[in-house]
Amino acid sequence: MKLVGPSRLPQFGSGAEGRLRVMTTRAVSDIRTLFGWIQQDVSQLPVLVVVAGSMTVAQRQALARECVSRRDKPVLVLDASALAFLAARGTGLFATTERVLAPFSAVTPYFPEASDTLPAEMFYGRSDELSAVLDAQGSSILYGGRRLGKSALLKAAAARYRKTQHHRGLYIPLPSGMGLTPGDIWDLLSRSLEQSGIAERRRNRASAMHQVEEDIDRWLQQDRARKLLILFDECDEFFDGDAREGFVHTTALRNLMSSNERRFKPVFAGLHQVQRFAALPNQPLAGAHFGEPLVIGPLSPGAAYRLLHEPMQALGIRFRSDTLIHRALTYANYHPKIIQHIGLALVLETHSSRAQAEGPPWTIDEETLERVIGSPTLAKSIRDTVRLTLHLDPRYKLIALVLALYAYRFGVDQPIAGRELRAECCEWWPKALSATPPDEYRALLEEMVGLGVLAADDTGWRLRSSNVLLLLGTPRASRRNCPRRRAAPSPPCPPRTHDGHCRTDVSVPSPRPKLPI
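Position 208 of the sequence shown, counted from 1, bears residue number 208 in the UniProt record's numbering, the numbering being contiguous throughout.
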């Protein structure tokens with residue numbers, strides 16, 4: 001059975017390629033017997049059970065409980081009552097059917113460990129970034145921290161680009177740590193062109209660069225309506241190697257774009273090194289060629305809200321108030337992976353409480369949210385996510401922890417001037433910034449703003465929020481984790497009043513503050 005319209009939940013959409021297995025029965029006498037029948041289906045597809053009669057409320061609640069203990073196969077049950085409702089008020093799209101039936105299932109739509117495998121249904125926001133990537137004149141360089149959604153954005157761009165007739169979008173992740181040379185990018189591109197039907201399959205791949213150039217030129221010249229978007233992911237090692245060779249391969253890709261009037265466009269995504277290469281003068285990554293680098297940071301508030309709210313809504317899970325949603329998002333610092341962690345934990349919490357709760361709807365109240373967010377397992381997952389970003393560059397970690405100590409002393413909302421911050425960092429690790437020119441130091445701070453760690457105003461720099469401070473650890477942990485700490489430095493100079501006296505009215509957050517509303 002093929003679905004009509006999109007699904008909100010991956011298990012019934014992209015995870016099953018929009019297909020369902022259908023099982024029919026006249027009535028349901030026992031829910032466990034029903035699942036015994038379902039388990040006879042050896043396919044990996046979700047099952048839609050069509051019941052000729054109407055199920056009682058007790059049977060529906062038993063179904064909801066049994067689904068929790070049988071999570072290996074997604075199940076929807078459509079009885080006569082649900083069918084009558086959909087016939088009278090439905091839209092003819094599967095999303096409406098899903099919203100009526102999925103609250104009794106036990107699927108979990110959140111996948112915090114997915115990066116380049118994130119289901120399409122769970123990609124939210126990034127509309128400006130998508131537009132820039134799809135625009136022939138838009139940015140060709142994306143950078144950001146780990147697990148912030150670069151790969152998901154590239155895959156979404158490829159899928160959207162392919163929806164236009166005569167357009168092809170190819171996503172190509174570049175393997176790392178396998179001893180590949182920069183020139184191997186042409187072999188990877190050649191295979192992708194062959195698999196997509198743009199180029200013919202060849203046994204001999206000699207002179208791959210020139211062959212790829214000829215294949216792309218030929219394909220584009222055959223029809224003026226044709227366009228080709230190539231999305232390279234994990235480009236850090238490629239640029240490291242290509243820089244040593246004088247950017248030979250990047251220049252060739254740029255020239256291929258120019259010679260075809262930008263009907264061919266390469267896009268490169270990677271970590272912070274990608275942006276730093278783009279800032280170098282006299283090289284093909286400069287803004288005049290590939291546009292200004294585009295930072296992929298935390299989600300916008302609207303996109304983050306929808307990521308937490310809409311899948312829950314499809315599952316019949318509701319928050320007691322919007323305040324709780326915003327509290328969870330603030331705790332997550334709008335980081336997509338952390339939101340996925342929180343969403344998964346909340347869904348599993350509602351599953352575990354079905355034996356005592358009557359529903360749907362399944363309600364998340366303040367006590368439930370605090371219990372889930374306060375769990376050691378979730379806290380560790382979130383801290384690990386933050387560390388992935390800080391470990392991109394040891395100077396990131398140093399700056400963040402020095403600012404954490406400053407925040408514990410003077411308040412998280414109190415900024416510190418860039419020059420003073422640099423001096424504090426040098427107190428802890430004298431060599432860390434000694435070879436870093438002022439422009440590069442400021443670029444470091446701006447990168448950390450883009451990554452969602454810092455915030456800035458006209459007076460200086462600070463941690464983005466009290467929740468970032470909380471994730472960095474207690475004052476003792478911050479001192480212990482500061483890179484290469486020598487003898488404890490003297491306390492930083494506190495903020496001053498207009499007449500030069502030290503301020504004593506600054507607020508200092510508790511090491512374990514209550515989540516902000």
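Note that CB positions come from ideal geometry on N, CA and C, so glycine has one too.
Check: Would the C-beta of I338 count as close to the ligand HEM, meaning under 7 Å from any of its heavy atoms?
Finding: Absence of the ligand HEM is noted for the structure shown, with no ligands found whatsoever.
Margin query: Output needed for R126: all residues of its chain with C-beta closer than 6 Å, excluding positions within five of it in sequence on either side, in chain order.
Written below: Within the sequence shown, residue 126 is the residue found at index 126, counting from 1. Cβ within range, chain order: L153.
Check: Using DSSP with H/G/I as helix, E/B as strand and the rest coil, what is W186?
Finding: Along the sequence shown, one-based indexing puts residue 186 at 186. Residue state, collapsed to three classes: helix.
Next item on the list: Decide if R486 is buried, meaning its Cβ has at least 16 other Cβ atoms within 10 Å, or exposed.
Entry: Within the sequence shown, numbered from 1, the residue matching residue 486 stands at position 486. Reliability fails at R486, whose pLDDT of 48 lies under 50, so the model's placement of it is uncertain and the value that follows must be treated cautiously. It counts as exposed.
Next item on the list: Find the nearest neighbour of Y396 within the set L45, L256, A432, judged by alpha-carbon distance.
Entry: The residue given as residue 396 occupies position 396 in the sequence shown. Per the Cα distances, A432.
Notebook entry, point to check: Can you name the start and end residues of the alpha helix (DSSP H) that R327 belongs to?
Noted result: Your numbering for residue 327 matches position 327 in the sequence shown. First-last of the alpha helix (DSSP H) with R327: 322 to 332.
Check: Within this structure, are the beta carbons of C235 and L174 separated by less than 8 Å?
Finding: As a position in the sequence shown, residue 235 is number 235, starting the count at 1. As a position in the sequence shown, residue 174 is number 174, starting the count at 1. Yes.
Notebook entry, point to check: Mind checking whether S465 and N333 have CB atoms under 8 Å apart?
Noted result: Here the question's residue 465 lines up with position 465 in the sequence shown. Here the question's residue 333 lines up with position 333 in the sequence shown. Their beta carbons are under 8 Å apart, which means S465 touches N333 by this criterion.
Next item on the list: Count the other CB atoms, across all protein chains shown, that sit within 10 Å of the CB of R263; report buried if there are 16 or more and exposed otherwise.
Entry: Position 263 of the sequence shown, counted from the start, is the residue given in the question as residue 263. Around the C-beta of R263, 16 or more other C-beta atoms lie within 10 Å, and the residue is accordingly described as buried.
Next item on the list: Measure the alpha-carbon distance for R228 versus D215 and round it to whole angstroms.
Entry: Numbered from 1 along the sequence shown, position 228 holds the residue referred to as residue 228. Numbered from 1 along the sequence shown, position 215 holds the residue referred to as residue 215. The residue asked about is misnamed: residue 228 is Leu in this sequence, not Arg. Going from the Cα of L228 to the Cα of D215 covers about 12 Å.
Check: Could you give the uninterrupted runs of the alpha helix (DSSP H) lying entirely in the segment 206 to 249, keeping only those of 4 residues or more?
Finding: Counting only runs of 4 or more, we get 208 to 221, 236 to 244.
Check: Who are the Cβ neighbours of E245 in its own chain at under 8 Å, not counting the five residues just before and after it?
Finding: Here residue 245 corresponds to residue number 245 of the sequence shown, with the count starting at 1. Excluding residues within five positions, the ones whose Cβ falls inside 8 Å are P182.
Next item on the list: Tell me where the alpha helix (DSSP H) around residue 539 begins and ends.
Entry: What the structure shows of the chain is the stretch from 1 to 517, and residue 539 is not part of that stretch, so it cannot be assessed.
Check: Where are the beta strand (DSSP E) runs, 3 residues long or more, that stay fully inside the segment 61 to 133, in chain order?
Finding: The segment 61 to 133 contains these whole beta strand (DSSP E) runs: 75 to 78.
Notebook entry, point to check: Touching or not, the segment 17 to 35 and the segment 102 to 116, by the rule of three or more beta carbon pairs under 8 Å?
Noted result: No: fewer than three Cβ pairs fall under 8 Å.
Note to self: Tell me the DSSP secondary structure of residue 518 in three-state form.
What the structure shows: For the chain, the structure presents residues 1 to 517; residue 518 sits outside this window and is missing.
Checklist line | Continuous alpha helix (DSSP H) stretch holding R442: start and end | finding: In the sequence shown, residue 442 corresponds to position 442, counting from 1. Note, R442: alpha helix (DSSP H), 438 to 450.
Note to self: So for E17, helix, strand or coil by DSSP?
What the structure shows: As a first step, residue 17 is located in the sequence shown; it is residue number 17 there, counting from the start. Look at E17 here: in three-state DSSP terms it is coil, with no helix or strand label.
Check: Mind checking whether V133 and A157 have CB atoms under 8 Å apart?
Finding: In the sequence shown, residue 133 corresponds to position 133, counting from 1. In the sequence shown, residue 157 corresponds to position 157, counting from 1. With respect to A157, V133 sits close: the two C-beta atoms are nearer than 8 Å.
Notebook entry, point to check: Given a threshold of 16 other Cβ atoms within 10 Å of its Cβ, counted over all protein chains shown, does D79 qualify as buried or as exposed?
Noted result: Within the sequence shown, numbered from 1, the residue matching residue 79 stands at position 79. So D79 ends up on the buried side.
Check: Hey, out of G53, V47, A64, I296, whose CA is closest to D128's CA?
Finding: Position 128 of the sequence shown holds residue 128. Comparing Cα positions, the closest option is I296.
Next item on the list: Assuming G418 and G460 form a contact by the criterion Cβ under 8 Å, report the distance between their Cβ atoms to the nearest whole angstrom.
Entry: In the sequence shown, residue 418 corresponds to position 418, counting from 1. In the sequence shown, residue 460 corresponds to position 460, counting from 1. That pair is a contact at about 6 Å.
Checklist line | Contact set for Q59: own chain, Cβ-Cβ below 7 Å, skip 5 residues either direction | finding: The count along the sequence shown starts at 1 and reaches residue 59 at position 59. Result list for Q59: V28, I31, in chain order.
Next item on the list: With F410 as the anchor, note down where its alpha helix (DSSP H) starts and where it stops.
Entry: Within the sequence shown, numbered from 1, the residue matching residue 410 stands at position 410. Where F410 is concerned, the enclosing alpha helix (DSSP H) stretches over 394 to 410.
Check: What is the DSSP secondary structure of V274, counted as helix, strand or coil?
Finding: Within the sequence shown, numbered from 1, the residue matching residue 274 stands at position 274. Correct three-state label for V274: helix.
Notebook entry, point to check: Can you round the beta-carbon distance between S190 and Q211 to whole angstroms, since I take them to be within the 8 Å contact cut?
Noted result: Taking the first residue of the sequence shown as position 1, residue 190 is located at position 190. Taking the first residue of the sequence shown as position 1, residue 211 is located at position 211. A Cβ-Cβ separation of about 6 Å places S190 in contact with Q211 under the 8 Å criterion.
Item checked: Buried versus exposed, by CB contacts within 10 Å (16 or more), H272 -> Taking the first residue of the sequence shown as position 1, residue 272 is located at position 272. Under this definition H272 is a buried residue.
Next item on the list: Answer yes or no: do V453 and A400 have a C-beta to C-beta separation smaller than 8 Å?
Entry: The count along the sequence shown starts at 1 and reaches residue 453 at position 453. The count along the sequence shown starts at 1 and reaches residue 400 at position 400. Closer than 8 Å, so yes.
Notebook entry, point to check: If you follow the alpha helix (DSSP H) that A423 is part of, which residue opens it and which one closes it?
Noted result: As a first step, residue 423 is located in the sequence shown; it is residue number 423 there, counting from the start. From DSSP, the alpha helix (DSSP H) with A423 extends over 418 to 428.
Check: Which of helix, strand or coil does DSSP assign to T33?
Finding: Position 33 of the sequence shown, counted from the start, is the residue given in the question as residue 33. Reduced to three states, the DSSP call for T33 is helix.
Check: Quick one: is N255 buried, meaning 16 or more other Cβ sit within 10 Å of its Cβ, or exposed?
Finding: Residue numbering aside, residue 255 sits at position 255 when the sequence shown is read from its first letter. Burial call: exposed.
Item checked: CB of G145 within 8 Å of CB of L472, strictly -> One-based indexing of the sequence shown puts residue 145 at position 145. One-based indexing of the sequence shown puts residue 472 at position 472. The Cβ-Cβ distance between G145 and L472 does not fall below 8 Å.
Check: Which partner residues does K337 have in the DSSP bridge list?
Finding: Within the sequence shown, the letter at position 337 stands for residue 337. DSSP, once it has assigned bridges, lists no residue as partnering K337.
Checklist line | Nearest-angstrom Cα separation, counted from E17 out to R226 | finding: Translated into positions along the sequence shown, residue 226 becomes position 226. Translated into positions along the sequence shown, residue 17 becomes position 17. The alpha-carbon atoms of R226 and E17 are separated by roughly 27 Å.
Note to self: I need the DSSP call for residue 533, collapsed to helix, strand or coil.
What the structure shows: For residue 533 there is no data in the structure shown, the boundaries of the chain being 1 and 517.
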